[in-house]
Amino acid sequence: MSSTELPFVPPANLLPKVAAVRVAEGERLRSVRLPGITLTVRSRHPAREGLPPALYVHGLGGSSQNWSALMPLLDDVTDNEAVDLPGFGDSPPPDDGNYSVTGHARAVIRYLDASGRGPVHLFGNSLGGAVVTRVAAVRPDLVRTLTLVSPALPEIRVQRTAVPTGLLAVPGVASLFTRFTREWTAEQRVRGVMALCYGDPGRVSPEGFRHAVEEMERRLGLPYFWDAMARSARGIVNAYTVGGQHGLWRQAERVLAPTLLVYGGRDRLVGYRMAQRAARAFRDSRLLTLPDAGHVAMMEYPETVATAFREFLADTGKSAAGTDTEGAADGVPVNESTGG
1 MSSTELPFVP PANLLPKVAA VRVAEGERLR SVRLPGITLT VRSRHPAREG LPPALYVHGL
61 GGSSQNWSAL MPLLDDVTDN EAVDLPGFGD SPPPDDGNYS VTGHARAVIR YLDASGRGPV
121 HLFGNSLGGA VVTRVAAVRP DLVRTLTLVS PALPEIRVQR TAVPTGLLAV PGVASLFTRF
181 TREWTAEQRV RGVMALCYGD PGRVSPEGFR HAVEEMERRL GLPYFWDAMA RSARGIVNAY
241 TVGGQHGLWR QAERVLAPTL LVYGGRDRLV GYRMAQRAAR AFRDSRLLTL PDAGHVAMME
301 YPETVATAFR EFLADTGKSA AGTDTEGAAD GVPVNESTGG
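Numbering (the numbering used here), first residue to last: 1 to 340.
Take a look at the structure:
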């Protein structure tokens, strides 16, 4: 199969039955049908009516479950929803097989337009960070604030530990990898993912590890799992090579929404050194650095990230009211933490 051909993926109603997606206490899942895509949306009941909406977008290989630790900590300040991007979580593949950053951004925009929830507080991690950066640049009307946790923005010198993930973008590598790892158990795969994504995998509770294994077993039963991974990885690599007005750094400079940037000092996928560049690129930014965190700070240190967002929200509210504009300077740290 050439890299431009679309694989055959059965319609959603013909896909093999797999275990049900886990729903944490206080959460609910619903399926939203839109032109060309069907999205699964995870939501929580807000503490009270009238709270501003928030939407959370996960990274490569993740799902809306990646935000389950953070969302309940913000129930009293935002009305929270997290989306499974097409081909991930419980969302089937897009009809057109488009897993590019632009394709995922269109899915987010399509959902926000259809739901009428915008403007929202928009969160993104890793691939999701690149996706929501593009959303905020091209549709500023949909975004109140932007929160980026280790966003996958272009790096000239990619970390050595990120190279294997990038290699998934090469046609044929995903197939070779699946054959090579055929005998790996779900537990082995999860330990590998956690070693890559967490600053300290020991912070994952036994219950959290068990849930991750169950989810890995479920995903491995999906016929499109590796194709969605490989094509989305290719989408990130392609986005890194785009220049001009469509380049991600140029789009970051166009973002009007106040932006909270979160970077982990032990991130093996996104370089910690990119934090200062991001703080300069986003015109109205605050920077939270967590030296002990890895790639998924919202899962590893959800309380710290929640506190930073609350401070960010209070600061942007004051700025909007014209009572405190000094705190909106580019790159001003919201909070510094050792992650302890």
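Glycine residues also receive a C-beta, built at the ideal position from the N, C-alpha and C atoms.
Here the structure is a predicted model, which means the values were calculated and not measured.
- A check of alpha carbon separations from Asp-95 across Leu-39, Arg-134, Val-193, Gln-276 identifies Leu-39 as the nearest.
- Excluding five sequence positions before and after Leu-148, the CB atoms of its chain that fall closer than 6 Å to its own CB belong to Gly-124, Gly-129, Leu-261, given in chain order.
- Around the C-beta of Pro-206, fewer than 16 other C-beta atoms lie within 10 Å, and the residue is accordingly described as exposed.
- Assigned with DSSP and collapsed to three states, Asn-238 falls in helix.
- As the crow flies, the alpha-carbon of Arg-254 is around 18 Å from that of Val-120.
- Residue burial annotation: Asp-76 is exposed, with fewer than 16 other C-beta atoms found within 10 angstroms of its C-beta.
- Bounds of the beta strand (DSSP E) holding Tyr-263 are 259-264.
- Within the stretch 265-317, the complete beta strand (DSSP E) segments of 3 residues or longer fall at 285-290, listed in chain order.
- In this structure, DSSP gives Asp-227 a helical state, which the three-state scheme calls helix.
- The alpha-carbon of Thr-133 is positioned some 9 Å away from that of Pro-151.
- In this structure, the straight-line span from the alpha carbon of Leu-142 to that of Ala-136 is close to 7 Å.
- By the Cβ-count criterion, Ser-31 is exposed, with fewer than 16 other Cβ atoms from all chains shown falling within 10 Å of its own Cβ.
- For the pair Ser-126 and Leu-60, the CB atoms are nearer than the 8 Å cut-off.
- The three-state reading of DSSP puts Asp-79 in strand, counting E and B together.
- Judged by DSSP secondary structure, Pro-93 falls outside any alpha helix (DSSP H); it is assigned neither H nor E.
- The beta carbons of Arg-28 and Glu-214 sit about 19 Å from each other, so the pair does not count as a contact at 8 Å.
- Per DSSP, reduced to three states, the secondary structure at His-121 is strand.
- In the three-state reduction of the DSSP assignment, Thr-185 falls in the coil class.
- Here DSSP, grouped into helix, strand and coil, assigns Ser-64 to helix.
- Excluding five sequence positions before and after Ala-257, the CB atoms of its chain that fall closer than 7 Å to its own CB belong to Ala-136, Pro-140, Val-143, Arg-144, Thr-145, Leu-146, given in chain order.
- Around the beta carbon of His-45, fewer than 16 other beta carbons lie within 10 angstroms, which makes this residue exposed.
- If you check the CB distance, Glu-155 and Gly-62 do not come in under 8 Å.
- DSSP, read as helix, strand or coil, puts Pro-154 in coil.
- For the pair Phe-225 and Arg-280, the Cα-to-Cα distance works out to about 36 Å.
- Between Tyr-198 and Gly-294, the C-beta gap is smaller than 8 Å, which places the two residues in contact.
- With contacts defined by Cβ atoms closer than 8 Å, Leu-153 and Leu-55 do not form a contacting pair.
- Straight across, the Cα-Cα distance linking Ala-195 with Arg-203 is about 11 Å.
- If you draw a 10 Å sphere on the C-beta of Arg-33, you find fewer than 16 other C-beta atoms in it, and that means exposed.
- In the DSSP annotation of this structure, the continuous segment of the alpha helix (DSSP H) that includes Pro-206 starts and ends at 206-220.
- By the criterion of a C-beta distance shorter than 7 Å, Arg-266 is surrounded in its chain by Gly-199, Asp-292, Ala-293, Gly-294, once the five residues flanking it on both sides are discounted.
- Rounded to whole angstroms, Asp-284 and Val-190 show a C-alpha spacing of 37 Å.
- The C-alpha of Met-298 lies about 7 Å from the C-alpha of Ala-69.
- Ala-114 counts as exposed, since fewer than 16 other C-beta atoms from the protein chains shown sit within 10 angstroms of its C-beta.
- Excluding its 5 nearest sequence neighbours in each direction, Pro-72 has C-beta neighbours in its own chain below 7 Å: Gly-26, Arg-44, listed in chain order.
- In this structure, Val-83 sits away from Val-101, with a CB-CB distance that is not shorter than 8 Å.
- Assigned with DSSP and collapsed to three states, Ala-69 falls in coil, not helix or strand.
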